[in-house]
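One structure is given here, and the rest of the page talks about it.
Residue numbers (our numbering), protein chains in the order written: chain A, 791 to 1140; chain B, 129 to 479.
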């Protein structure tokens, strides 16, 4: 049997599949809350005992929300230390792989069904070549390249989210200044393309660009201000995520929210476009993660700020980017799909 | 089997006859450098080199037996519908399109491959020896990707993807991505350039033209005074309609290195600082834990400046843990101007 999993910060999604060449549905699949377990091995053990797979686990692969270095990963905020060596022992299985969630997303792409891909670029004409993925989770910005070696796509992850933010006009330059005054000297893309980034854009437009704030939104956002200044990082993030969600939800009726979201989408599109340039991702660019799902309706507008900024590059590169298919991954199980595909590859089934 | 290799640039073209030595080593048998602008066509150069080899009495008959040819060319490699490749050399206006098939015909129908010049340098990196590079940061190299950044006429960038056994060059157009200023001074530079052009890419700063852009910004923004002599010399160094090279970047770096003109020294310092910042971004973007290589024509000319603090400070000036991450990445300047030629020869030897 094949065991695959998506190891998240709050919950895990585990699945067992029969080891057959024709991909079939899972033998068992469950979402499990992390809180009840002290380690991943215990959770898997309970899961296997519950469903009793008729054959032993031959191959296992997990996508995990953290950096994987030499087969080991410390999941941020969870306190679990997941290692290939421990999993091998507890599963009594030699073929175990641990993928960073970004890499797992990359592996998933060929197996995603068309209904889970939303096309953002009606002018696209895909060429043979590389693909790229930009993944905004709200707290982190992941990027990756899928290098086309003329036979297969080889995933290569990136820390591009920590490279310097590049403003493109007066407003974005003022925003960079605002961020530098407010918090940090070094401003990365992750600080801008995140829920905190969207909230800061709202405050910037209000405080520096003198846009009028409605009482309604002010009160809605204000109820989380105290929590947003909490010393606990998780609680602070959760409050900021809620505030950013309010900005997204009110964007249709509130001018300040609308402008903040437009600015956010424009910056997001600009970095996605730069990612396409530096990875020569002429085959496709995929947008993944919870941010994209939350603002999907707005992203879909092919004349909107995201796609406009994506193609707004110098000289011939405007045309080059305009021809790249850009797709939002809407499969909530994308990491599990990627882990499963990699497990099948390791079992020589794909 | 002998290899004919070429590094074809807008200014000069190097052709060489190679054979494979021990391991990765490529042994050069004969080499010749040509002025690209003075040559009628590229084929003409290839025929000239081939004739010189056949007439060279020092070479054995075996050494004259060219079995394969490969050329690294500063231009995008394109393919006809029949799959045969060709390149249009934008920097040598009077050359007709370079066709792989025609070159093969003039070389007794041996296989001919055309490569872009950036992958050629990437392959060359794999055969460089210690004396071909200067180490700016020794770091702690790990098995993994490498990155190449090469400022010259333009800004070339590439990722070298490590598959666990060997490196695959992944070309990039990252030089055309948006410039990221990091402080009030650099914001002023961006503002200055945005008044002249709608897009400010990294190439507009990290290239020969970029050095001029930085210089003009400093001059026009009261960072210093331009002397009357320098003004005159810069005016004379401008490119003329007769397709002559812009000599201003060379003049600015020369004056800057000699500390003869404070404004030129300042411009060079800025250039090096920005070069480090971009190289650091590349290290993050490509997770180049095995090393970042600085290629291109400018680096060897300003090596003293690159060795100073500015470059490495901005290379490692990243947020949080990534300051440490970048400080562990080896950074090396490619000193050997034949890296492209070596790479082409090595690539040809592999195929």
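Glycine included, each C-beta is placed from N, C-alpha and C at the ideal position.
The DSSP-derived three-state label of residue 968/A is helix. The Cβ of residue 304/B sits closer than 9 Å to at least one Cβ of chain A. Distance from the Cα of residue 990/A is smallest, within the candidate group 1005/A, 1006/A and 971/A, for 971/A. Here the C-alpha atom of residue 969/A lies approximately 53 Å from the C-alpha atom of residue 810/A. Your pair residue 1001/A and residue 1049/A checks out as a contact, with CB atoms roughly 6 Å apart and the cut at 8 Å. DSSP places residue 883/A in no alpha helix (DSSP H); its state is neither H nor E. Of all residues in the stretch 441–469 of chain B, the ones placed with a Cβ closer than 9 Å to any Cβ belonging to chain A are 445, 446, 447, 448, 449, 450, 451 and 453, in chain order. A direct Cα-to-Cα measurement between residue 300/B and residue 839/A gives close to 50 Å. In the DSSP assignment, residue 206/B falls within the beta strand (DSSP E) that extends over 205–207.
Residue state for residue 1014/A is assigned as coil, using DSSP reduced to three classes. Under the three-state reduction of DSSP output, residue 895/A falls in the helix class. Contact of residue 415/B with chain A by beta-carbon distance below 8 Å involves 946, 947, 948 and 949.
Along the stretch 950–972 of chain A, the positions whose C-beta sits under 9 Å from a C-beta of chain B are 950, 951, 952, 953, 954, 955, 956, 957, 958, 959, 960, 963, 966, 967 and 970, read in chain order. When Cβ-Cβ separations below 9 Å define contact, residue 927/A makes no contact with chain B. DSSP places residue 1027/A in the helix class (H, G or I) of the three-state scheme.
Look at residue 943/A: its C-beta is not under 9 Å from any C-beta on chain B.
Annotation for residue 237/B: no alpha helix (DSSP H) segment contains it, and DSSP assigns it neither H nor E. At least one C-beta of chain B is nearer than 9 Å to the C-beta of residue 1060/A. Per DSSP, residue 979/A has no beta-bridge partner at all. When 8 Å is used as the limit between beta carbons, residue 1070/A is near these residues of chain B: 298, 299, 300 and 301, in chain order.
The alpha carbon of residue 256/B has as its nearest neighbour, out of 467/B, 444/B, 318/B and 448/B, the alpha carbon of 467/B. For residue 875/A, no pairing in a beta bridge is given by DSSP. With respect to the C-alpha of residue 1076/A, the residue from 898/A, 1137/A and 1126/A having the closest C-alpha is 898/A.
In the three-state reduction of the DSSP assignment, residue 381/B falls in the helix class, which pools H, G and I. For residue 853/A, the enclosing beta strand (DSSP E) begins and ends at 849–854. At a cut-off of 9 Å between beta-carbon atoms, residue 1024/A makes no contact with chain B. Neighbours of residue 277/B across chain A, judged by C-beta separation under 9 Å, do not exist; the nearest C-beta is about 11 Å away.
When beta bridges are read from the DSSP output, residue 287/B appears opposite 275/B and 298/B.
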